[in-house]
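Per my numbering, residue 8 is the first one in the sequence shown, and the count goes up by one each step. Virtual Cβ for every residue (Gly too), placed ideally from N, Cα, C. Below is one structure, written out as structure tokens, with a few remarks after it.
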Amino acid sequence: MLRILFLLFLIFNSYNSIAQELNCTVTVNSRQVEGSEKTMFEDLQRAVSEFVNNRKWTNDQFKIEEKIECNILINLSDRISTNKFKGTIQIQARRPIFGTNYYSPTMNVLDKNFTFEYNQFEPLQYTETSYDGELPAILSFYVYLILGFDYDSFSLEGGTPYFQTAMKILNNAQSSNETGWKAFEDQSNRYWLIENYMNGQFKPLRKLYYEYHRKGFDVMSTNPAEGTKAISDGLMALKPIHSVKPSSYNLQVFFNAKKDEIIQLYKGSTTANKQEIVTLLSLIDPGNANNYQKILSNK
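Here it is as structure tokens:
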């Protein structure tokens with residue numbers, strides 16, 4: 008009896024040590040298109056959830072508590088045919104901050120180039136060497152971006168293997184007839200998102216992910232001045248990117264995830280030069296310039 012209990016204990020702990028990487032909440036909003044087929048969209052939500060959460064995406068071992076927290080919101084706006092839909096997909100991810108119960112957002116992307124086919128009860132398939140349809144391609148592309156951002160936040164350019172896999176998915180999808188994958192279509196699409204991250208000009212942004220989280224927020228509970236300085240130095244290093252590509256989609260994606268957190272950080276800081284930071288942020292993220300004025304407010 009003791010031997011059986013011991014074996015069960017080993018099996019349980021072995022399972023815990025090789026858990027999948029993501030803990031992703033999937034929501035499908037189909038109110039505009041569902042009609043009388045509500046079960047179809049419930050199955051779609053289940054299929055997407057199983058695809059991202061049950062698949063092993065890396066060779067690393069994750070404990071249950073180490074899973075990456077993320078959200079996927081699919082908002083369907085049009086039904087093009089019986090099994091073809093159009094809408095948007097939003098992907099959000101976050102990572103824990105050392106020594107606290109706080110989670111910092113690492114990703115917030117709203118992709119409006121989202122048209123796909125879905126056949127009810129047909130499992131979603133993904134292979135790294137081929138294009139297996141629009142839905143699995145888009146989902147796997149963003150899964151590897153989630154992984155890339157997360158790994159970059161823990162080690163300098165640690166996400167490179169996952170960004171490289173996302174690039175492979177992009178290259179395989181060049182045969183797709185849908186938008187979002189090609190350079191000439193738009194400056195704010197999947198092509199430019201991964202192309203820029205793999206471009207040497209954007210190394211300061213990737214370095215910022217590490218300095219912002221590992222050298223910044225992860226030390227904030229013990230040394231807030233040091234943590235704030237690391238974040239300030241990293242943000243300052245984005246100026247060359249802004250000079251070359253002032254409307255870069257990648258900068259927009261970063262600040263979409265971080266602007267509220269940045270405002271709260273500097274608003275409460277007693278060591279940062281707030282006016283200098285506001286001037287910098289208003290330059291490199293002009294779309295949120297008015298919001299950054301809150302840093303100077305006492306309210």
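- Taking C-beta separations shorter than 7 Å and ignoring five residues to either side along the sequence, the partners of N126 in its chain run N90, following chain order.
- If you check the CB distance, Q27 and F69 come in under 8 Å.
- C-alpha of Q194 to C-alpha of E268: approximately 26 Å in a straight line.
- In the DSSP assignment, Y110 is bridged to P103.
- Ranked by how close their Cα comes to the Cα of L131, the residues T122, S147, N108, T286 have S147 in first place.
- Distances from the CA of I104 to each of N179, I176, T229 were compared; the closest alpha carbon is that of T229.
- Per DSSP, V226 is not a residue of any alpha helix (DSSP H), being assigned neither H nor E.
- Apart from the 5 residues on each side of it in sequence, Y204 sits with its Cβ closer than 6 Å to the Cβ of F170 in its chain, given in chain order.
- Note on the stretch 28-108: whole alpha helix (DSSP H) runs with a minimum of 4 residues are 45-61, in chain order.
- Out of N179, L200, L212, the CA that lies nearest to the CA of D159 is found in L212.
- Per DSSP, T286 has no beta-bridge partner at all.
- Taking the C-beta atoms as reference points, L242 is found nearer than 8 Å to L287.
- Per the C-alpha coordinates, the member of R62, N30, G187 positioned closest to G94 is G187.
- Of D67, N298, R221, L154, the smallest CA-CA separation from I270 is found for N298.
- Taking the CA atoms as reference points, D50 sits about 46 Å from K246.
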